[in-house]
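With my numbering, you'll find the sequence shown wraps up at 262, consecutive numbering, no jumps. The structure appears below as structure tokens.
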Amino acid sequence: MKKPPRIFCIANQKGGVGKTTTTVNLAAGLAQVGQRVLVVDLDPQGNATMGSGVDKRALPLTVYDVLLESSTIAEVRQRSPKGGYDVLGANRELAGAEVELVELDHRERRLKRALEAVADDYDFVLIDCPPSLSLLTLNGLCSAHGVVVPMQCEYFALEGLSDLVNTIKQVHANLNPELQIIGLLRVMFDPRVTLQQQVSEQLKAHFGSKVFNTVIPRNVRLAEAPSYGQPGVVFDPSSKGAQAFVEFAREMVQRLGPPSS
Ligand code: ADP
Ligand code: MG
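So this is what it looks like as structure tokens:
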């Protein structure tokens, strides 16, 4: 019997903290070690879609159609041409789903149900969440086994984390008992900045082993890659940023241990 995929949300209610960069690079890193990966873009900005080399403006169907149950994932998914993984794309249309879903039954479990139909096709599903704790993010959290939280080591970083941690606790208690925080990933890190070092130490003191050992440095090649429709690990494998994400993919797999059957 096939093992079910491991499903992770990449979440942080702040924008611009590296969620999408983490999602597409982790996906490509896992694909490079032979894993079958689906990226779900749950952000109407569609950055994970574009950054995977799939044109969000040309999509006949998107994750919106999946959430409204007018299409299946098998009908909507596209292949990232360079990434080596599948993408459930998003564009502006998804912004409307937030409102339309409120009226519907099992509104927070729609993604979960849709994913069950493609469980045999993947080893990993990575869900790129929007910068909010909205119904879209809730669909992600209800589908997932774990949450990966990318964060910059800045002054208000810890403060913002408590809202996210509380939301995860509530979802765990009420909607999805499987959900846990897999880890916090320090991204865009610059060790020369004293404040970043200090926040990093605070993070470790507070969250202990929940902080991933791998640190993603600030690296311009990671920022350039999306405009070529490629994850950084594919665009420039020798860059410091790419190497860090490959290391992170390895740490994730190690941390998870053998998959439950
Ligand atoms: P989010 O999805 O949380 O909004 P993004 O992943 O889109 O964040 O990142 C925000 C911006 O920072 C993007 O322009 C991205 O290319 C850039 N960026 C992300 N990670 C890095 C990094 N490690 N080094 C340099 N730039 C980065
Ligand atoms: Mg994003």
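Positions of the beta carbon are idealized from the N, C-alpha and C atoms, including for glycine.
Rounded to the nearest angstrom, the gap between the Cα atoms of C130 and L162 is 15 Å.
By DSSP's assignment, V166 forms no beta bridge with any residue. Per the Cβ contact rule, the segment 206 to 224 is in contact with the segment 246 to 255 (3 or more Cβ pairs under 8 Å).
The alpha carbon of K113 has as its nearest neighbour, out of P6, S81, D44 and L223, the alpha carbon of P6. Taken in chain order, the whole alpha helix (DSSP H) runs of length 4 or more contained in the segment 73 to 100 are 74 to 77. Taking L176 as the centre and dropping the five residues before and after it, the same chain places the C-beta of E109 and C143 closer than 7 Å to its C-beta, in chain order.
With distances taken between CA atoms, C154 lies nearest to Q203 out of P178, N140, D164 and Q203. Residue pairing for M152: DSSP places it in a beta bridge opposite R187. The C-alpha of L60 lies about 34 Å from the C-alpha of H173. A buried status is given to S53, since no fewer than 16 other beta-carbon atoms sit within 10 Å of its beta-carbon. When only Cα atoms are considered, D237 and V18 end up about 21 Å apart. Per the C-alpha coordinates, the member of V88, N48 and N92 positioned closest to V40 is V88. In terms of CA proximity to R58, G47 leads the group G47, V67, Y65 and L68.
Checking the 8 Å criterion, the Cβ of L223 is within range of a heavy atom belonging to the ligand ADP.
Relative to the ligand ADP, the beta carbon of N92 is positioned no closer than 8 Å to any heavy atom. Between L68 and N167 the beta-carbon gap is near 25 Å, outside 8 Å, which marks them as no contact.
The bridge partners DSSP lists for R7 are F125.
Per DSSP, the unbroken alpha helix (DSSP H) holding D66 starts and ends at V64 to L68.
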